[in-house]
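J.:
Here's what the structure looks like:
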């Protein structure tokens with residue numbers, strides 16, 4: 004399993020399994036998904052509880068339904084949790 008922090012954030016992921024242990028790595032997943040770099044062959048596994056209270060601005064993962072940038076991989080919580088995540092969106096966000 005590869006730590007998501009060790010991949011090139013600016014290119015397509017190779018099909019495989021990636022671990023997410025930190026707020027920073029969860030943010031990498033969001034930015035890579037929103038750039039179209041995540042595919043159905045990618046699996047993400049939480050390797051730690053993640054407290055998002057230090058994150059003041061969060062862009063949702065898969066933030067552009069109309070341009071086919073929704074999350075397509077597999078996300079396995081592995082018994083861990085993501086807590087204190089706050090998303091603030093405008094009414095025009097993504098056309099919803």
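Residue numbers (my numbering): 4 to 99. Where a beta carbon is used, it is the ideal one built from N, C-alpha and C, also for glycine. Model, not experiment: these values are computed from the prediction.
1) Just the C-alpha distance for residue 17 and residue 89, rounded to the nearest angstrom, thanks.
2) Mind checking whether residue 47 and residue 21 have CB atoms under 8 Å apart?
3) Roughly how many whole angstroms lie between the Cα atoms of residue 44 and residue 81?
4) How far does the beta strand (DSSP E) with residue 20 in it reach, from first residue to last?
5) My output table needs one value for residue 86: the three-state DSSP class, helix, strand or coil.
6) How is residue 46 classed by DSSP in three states: helix, strand or coil?
T.: Well, looking at it:
1) Taking the straight line joining both Cα atoms gives about 30 Å.
2) Here residue 47 is near residue 21, since their CB atoms are less than 8 Å apart.
3) Between the C-alpha atoms of residue 44 and residue 81 there is a straight-line separation of about 18 Å.
4) For residue 20, the enclosing beta strand (DSSP E) begins and ends at 19 to 23.
5) When DSSP states are grouped into helix, strand and coil, residue 86 belongs to the strand group.
6) Residue 46 falls in the strand class under three-state DSSP.
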